[in-house]
Amino acid sequence: MTIDASYLSLTCGAIGALVYGLGCLAVWITPEGTRLAWGLQVVGPLLVAVGLSTQLEHMARRIGSWAVRLGIIGLFVWAVSGVPFLISPESYASPGWNQVLYLAWSAAYLLFALALFLVLGRKESRLEQGGATGDAGIHASFSSLTLGAVGWMLFGLGFLAYAEDLVGTRFAWGMQAAGPILLALALATHLDHLARRLGVAAVTVAIVGAGVWSLTTVAFVFDPPLAQSATWGPLCFWGVYGAGIVLGGVSGVLVIARKARATRGRQQPPR
């Protein structure tokens with residue numbers, strides 16, 4: 199099976215995830231934050247948005263224009279959330295600016311959830327109108343789409359709750375842990391199709407990345423005060439989270455390598 203996405207879109211997506219993940223790791227290393235760390239967190243989602251934009255027409259035909267647009271808007275919101283700290287890294291010490299950051303993250307993740315719910319509705323509508331053949335454009339199953347949409351929704355609601363109480367609660371941490379777990383399950387339920395198209399290695403790394411990402415707040419669910427620890431707080435919230443996102447970027451690099459191998463194979467003359 200071929201990989202429809204262009205090299206440009208795949209490269210933007212992979213580099214965007216790597217850059218954002220490295221930005222998170224940089225905040226873990228320097229908890230007060232630096233312009234470099236926040237700059238990476240601004241550039242990362244913007245690159246992913248550019249990657250999606252280059253595939254806008256193709257993806258709009260497949261999953262619907264509004265779903266793609268909401269995803270791109272969500273990525274821009276995600277990117278803009280880091281701009282105040284890029285301008286003034288000292289702002290990260292301000293509870294008010296922290297609330298703005300987490301509210302923006304919540305809005306971005308909820309937009310991703312809404313985009314997937316729209317894809318789910320489009321898939322159902324196509325099935326009702328044209329039977330099995332009407333489903334040709336959306337390969338993901340109902341279960342994987344539902345898990346993905348609910349996963350992003352829970353993750354967004356978790357940050358909404360966190361913005362209201364910056365000390366953190368079991369509810370907020372639990373939602374933030376459950377969201378990525380559901381995203382990993384969404385990938386796992388679609389493993390066979392994704393593996394044939396993207397490669398087993400790329401999909402496996404992506405699932406592992408989502409699993410690592412889910413560990414970000416698990417410790418805080420059992421011991422909420424741990425989030426305030428000068429050691430464990432940054433390690434889990436930024437370090438583990440960043441590692442999970444970096445793995446997502448590595449998965450993207452593996453997809454690019456698979457596409458390159460397939461392209462070379464088609465170009466080789468028959469023996």
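Numbering (our numbering), first residue to last: 199 to 469.
In this text, a Cβ means the ideal position worked out from N, Cα and C, and glycines have one as well.
Determine the closest residue to residue i out of the options, with distance taken between C-alpha atoms.
i, options, result
"L389", "M373, A359, H337, P432", "H337"
"A375", "L216, G262, A347, G356", "G356"
"L318", "T414, L208, A265", "A265"
"C222", "L316, G431, P423", "G431"
"T252", "L208, S286, P229, V217", "L208"
"G354", "G372, V278, A235", "G372"
"A313", "G447, G349, D363, I213", "G349"
"V406", "L273, Y218, P378, L284", "P378"
"T228", "E322, A428, G450, P422", "A428"
"V278", "G242, A311, F310, H256", "G242"
"V410", "P423, L433, A235", "L433"
"S286", "T415, E230, L383", "E230"
Roughly how many whole angstroms lie between the Cα atoms of residue i and residue j?
i, j, result
"I271", "A425", "30 Å"
"W276", "W436", "15 Å"
"L250", "L343", "18 Å"
"G211", "V403", "15 Å"
"L284", "A347", "30 Å"
"A306", "L273", "6 Å"
"L308", "M351", "5 Å"
"V419", "L216", "27 Å"
"R324", "F340", "12 Å"
"V444", "A417", "21 Å"
"L254", "A247", "10 Å"
"D333", "K321", "For D333, the predicted model reports a pLDDT of 40, less than 50, meaning its position is unreliable and no value from the coordinates is stated."
Can you tell me the Cβ-Cβ gap for residue i and residue j, rounded? I've got them flagged as a contact below 8 Å.
i, j, result
"L244", "L220", "Not confirmed; about 15 Å, so no contact."
"L392", "V401", "5 Å"
Exercise. Do the region 359-375 and the region 392-407 meet, that is, are 3 or more Cβ pairs less than 8 Å apart?
Worked result: No: the two stretches stay apart, fewer than three of their Cβ pairs being nearer than 8 Å.
For this session: Please confirm if the region 245-261 is in contact with the region 289-309, defined as three or more CB-CB distances below 8 Å between the two stretches.
Result: With a cut-off of 8 Å, the region 289-309 and the region 245-261 do not count as touching, because too few Cβ pairs lie within range.
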